[in-house]
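Reading the sequence shown from the start, the letters are residues 523 to 699 in my numbering. Backbone N, C-alpha and C define an ideal beta-carbon position, used for all residues, glycine too. Step one of this worksheet: look at the structure below.
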Amino acid sequence: MKSLDEVRDDIAAKVKHEKALDAYYALQQKVSDAASNDTESLAGAEQAAGVKATQTGWFSKDNLPEELNFKPVADAIFNGGLVGENGAPGINSDIITVDGDRAFVLRISEHKPEAVKPLADVQEQVKALVQHNKAEQQAKVDAEKLLVDLKAGKGAEAMQAAGLKCKHRSFMASRKP
């Protein structure tokens, strides 16, 4: 059996940790209550937590900001019913706990539904992509033709027709006993 002096630091650390957890959970409950009572904004949650809410720029499922890139948070944003009608602000989320030591209350202040961009906005990108794909297809056809000619023993003519030059290199290997 260990003496009190031997376990004092361990006991003190455990009690301190438990008190910190109790305070964390109490603060979480206070913030949750404030967010539930003030469904028009996060002002009550900010006051209860003693921190200012952070607002992000626009994002989609494919480019979630790093600070929100947690599965439970993403699920709440995109599947949690936080979006109001016709892009209007929705309700505050419940507390979302992540990694045991992070908690979020979310509010979507504005929402734009997914939409197809006008052709004028993406026309140059589409042209570049089509040109790239055609060039890639032609390169594959040319490479296949060259390979067939090389296998048929028509290497020099095929290389010259393709505008390619072949350089011969010789290597010597040394062997050590």
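- prompt: Using a Cβ-Cβ cut-off of 7 angstroms (strictly less than) and excluding sequence neighbours within five positions of F600, which residues of its own chain qualify?
  reply: K583
query: Should V595 and V573 be called a contact, given that it needs their Cβ atoms to be closer than 9 angstroms?
result: no
- prompt: Taking the alpha-carbon positions, what's the E632 to P611 distance?
  reply: 5 angstroms
Cβ shell of K552 (< 7 angstroms), same chain only, five flanking positions each side left out: A570
field: N- and C-terminal bounds of the beta strand (DSSP E) containing F592
entry: Note, F592: premise wrong, no beta strand (DSSP E); not H, not E.
query: In terms of alpha-carbon separation, which member of L549, E666, T561 and F581 lies closest to I613?
result: T561
- request: Flag this pair as yes or no: are the beta carbons of R629 and L564 separated by less than 9 angstroms?
  value: yes
message: DSSP three-state label for A610, please.
response: coil
- request: Mark A598 as exposed unless 16 or more other C-beta atoms lie within 10 angstroms of its C-beta, in which case mark it buried.
  value: buried
task: Compare the C-beta of A657 against all C-beta atoms of chain D and say whether one is closer than 9 angstroms.
output: The structure shown contains no chain D, having only a single protein chain.
- prompt: Are the beta-carbon atoms belonging to D618 and V627 less than 9 angstroms from one another?
  reply: Inspection of the sequence shows that residue 618 is occupied by Ile rather than by Asp. Result yes, Cβ atoms of I618 and V627 sit closer than 9 angstroms.
- request: Can you tell me the Cβ-Cβ gap for L668 and A684, rounded? I've got them flagged as a contact below 8 angstroms.
  value: 6 angstroms
- prompt: Helix, strand or coil: which one does DSSP assign to F600?
  reply: helix
field: Neighbourhood of A557 by C-beta, 6 angstroms cutoff - its chain only, sequence neighbours within 5 removed
entry: A567, N614 and V627
- prompt: By how many angstroms is the C-alpha of L526 removed from the C-alpha of V537?
  reply: 15 angstroms
- request: For T578, collect the residues of the same chain with a Cβ closer than 6 angstroms to its Cβ; drop the 5 residues on either side in sequence, then sort them by chain order.
  value: P587
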